[in-house]
Structure formats: structure tokens, C-alpha cells
Amino acid sequence: MSAVVELSNLVKKYGERTVVDNVSFEIRQGEIFSLLGPNGAGKTTILSMICGVVQPTSGEARIGGYSIVREPMKAKALLGVVPQEIALYDTLSARDNLFFWGRMYGMESARLKRRVEEVLELTGLRDRAKERIKTFSGGMKRRINIAAGLLQEPQILLMDEPTVGIDPQSRRAILDTVKELNAAGLTVLYTTHYMEEAQELSHRVGILDYGRLIALGTQAELTRTVGEHEALYLQLEDGQMLDQLAAELRSLPGVLEASTTDSQVIVIVSEASSALPPVLARTAGLGFKVRSVEIQEPNLEAVFLSLTGRALRDEVE
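To convert, count from 1 in the sequence shown and add 9; that's my numbering.
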């Protein structure tokens, strides 16, 4: 498959601070490519450079062969964008919002009218089309946000954290919509800090940390980088000093890495059956109370932990 998005040595600096550090990758026609990383890793900045909102400090981005720097209008014509922030007017109805954005795209009336009805149907909101956006739930606003990005029938859809802050049912509807769009031939660049979303959706994944692309490949290729290791997820009671526990567990035989997230300690081990008893014994001996234990095969969170020494959900400061 040919590449429809190509990033070459892309850099973005704000003063002395490097937000995106020499990132290169390509997205093939017809695939879902996910950029996975914690909040602050540079995902939104990369999307902003791809769609021409932010100028790169150096490097190049090409959309369908067009340079976003030298041929921005031709490049942007191929893109649909679903921003992380809701780009809607609360006092307008869903349908009126779509007509407004369609006119901003310069769509002619007959095509725009057809596309508005099609994207309302696709996002499951045709029956709410006359209602004002301010009456919508967060999940419904996210779905209309997606509808607006699809109006001009783009070749490539950029989606920036489209499920942040919504209920599980709305999240499920959005993920299913992304898969339906891709099955119909749409190329998707999807950013997320949810490992489960990247695993479910993606043909390939790029993992970002501190603005650098630290891993790239299919899920199978990436998990092979941590070998046959397994992960223990220890759910502990709130208010305990989890960093102290993680540091203690790293000294145990068979423990390769340990990190914390929320009320969990994630322990990468060479073999779960032999490592679990001493891990639980050390945890109890230090006075920590374990609510539950889950054993998982290698996944993208284990890859991130192996590469960085931190859990995926840790935010970059």
C-alpha cells in the first residue's frame, strides 16, 4: 500500500523547549495508524503540524504527496479533522452546525445537504438533528464533532483523543464508527493515551514519549520487543505509597520492571507463576493491602513500561 501521510524529521520547538523531537513515520492508504502516548507527549502538536495549524520548526509533512508547508491548500483538501476540543456552536442545532462547517469548506448546496444527512445517519444523531448542541451530552457532542470532520468526504481523517471524558456507551459507539469508516476505505490517524483503544483499532502504532517516537510497528511486532514476559496488575487500596512498593518489588528475582498508575502497581515479570508468590509476600510484608491481582500477556502498556520505566498513564511534565 502507498503512503498517504509522510512525516520526515519533524521538529517543533517553543523557545528552548522541544515538544516534537525529530519524528518520522508514514501512514499507508486504508490503515488506522494510532499515535499512543501519555498526555503531554506531543500527539496533538504533531496533528496540528500535519493539518497546517502549527508550523514545524524543521522537517516536513506531506499529505497525498503535497507539502503542508509549500502546498498547504492542496494538502488540507485531503484532510478531515476531529479536534480534541469540541468545535461546535452551543446555540445552534446539530444540523445548523454541520451546514455552517460545510459552507466554511466551500461545499456547494446540493452536495452539502446530502452529506449533512449522511453524516447524521452515520453518527446515529439524525433524530436529534434539530436540537441545540447545548442540550447534548458529552458523547453526543463528540459524535457531531466527528460528523463535521467527515462532511467533505476526506481521504484521511485526523482524530485527536476523540473519546476523552465521555461515558463507556458513547466511547463504544465512537470506536465502532472508526472501524466502520476504515472498513469503507478511509485512512485514519488516531491519537490516544488509552492502550486498549490503540490495541483494538490499529493496524500499526507509533509510541510517543517526551516528543520522541520511541517505537513503531504492529501490536505483534511491538510486544515481541518485551519477549515472552508477562505483567502483574496489583490493585491496591487508595492512599498507599505505591512508588515505595514499586521500588521494593524491582529488587525481587524475576521482576524486570515495576511502575505505578492511579491505585495500581504494574510489574513486568519473566514468569508470572513463579514471580507472583514473592511479589505478594513482599507486598503484604510491607503493609500494603491488595484488592485484586490480574495477570496479562504482553501488551502495549508493557512495551511502554519496558521502554521508559513508567506506566503509560503517567503524564509527561
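Backbone N, C-alpha and C define an ideal beta-carbon position, used for all residues, glycine too. Keep in mind that this is a model prediction, so the values were computed, not measured.
Beta-carbon proximity list for residue i, same chain, < 7 Å, skipping 5 on both sides
i	result
F34	L16, G215, L222, L225
L254	V274, T292, L295, F297
G263	V278, S279, E280, S283, A284
E117	none
Residue range of the beta strand (DSSP E) that includes residue i
i	result
R71	67 to 72
K22	12 to 23
M82	That residue, M82, is in no beta strand (DSSP E); its alpha helix (DSSP H) goes 81 to 85.
L134	First-last for L134: undefined, no H or E at that position.
L167	165 to 169
G89	88 to 91
Beta-bridge pairing of residue i - partner residues as DSSP gives them
i	result
Q208	Partner(s): none; Q208 has no beta bridge.
R221	D218
A240	I277, Q305
I36	V14
S43	Y199, V214
Same chain, Cβ closer than 8 Å to residue i, five either side skipped, listed in chain order
i	result
E266	R259, V276, I277, L314, S315, G318
F109	Y98, L101
R151	I95, P171, T172, I175, S179, I183
Rounded distance between the beta-carbons of residue j and residue i, thought under 8 Å
i	j	result
A320	S268	4 Å
A90	L167	The identity of residue 90 in the sequence shown is Val, whereas the question assumes Ala. About 5 Å separates the two Cβ atoms, so the contact holds.
S102	R135	That pair is no contact at about 12 Å.
G148	S179	2 Å
I77	G61	5 Å
V299	L241	Not a contact, Cβ separation roughly 10 Å.
Alpha helix (DSSP H) segment containing residue i, residue limits
i	result
D99	That residue, D99, is in no alpha helix (DSSP H); it is neither H nor E in DSSP.
M250	Careful: M250 lies outside any alpha helix (DSSP H) and carries neither H nor E.
G148	147 to 159
R181	177 to 192
T54	52 to 59
T270	T270 -> not in any alpha helix (DSSP H); beta strand (DSSP E) instead, spanning 264 to 270.
T200	Looking at the DSSP string, T200 is not in any alpha helix (DSSP H); the run it does join, the beta strand (DSSP E), is 196 to 201.
L231	228 to 232
Own chain partners of residue i with C-beta closer than 6 Å, once the 5 adjacent residues on each side are dropped
i	result
A138	A103, R104, L129
D30	G220, R221
T66	V20, K21, K22
Burial state of residue i (16 or more Cβ within 10 Å)
i	result
P307	buried
G111	buried
M204	buried
P177	exposed
R120	exposed
P92	buried
S11	exposed
N18	exposed
Q228	buried
D169	buried
Q305	exposed
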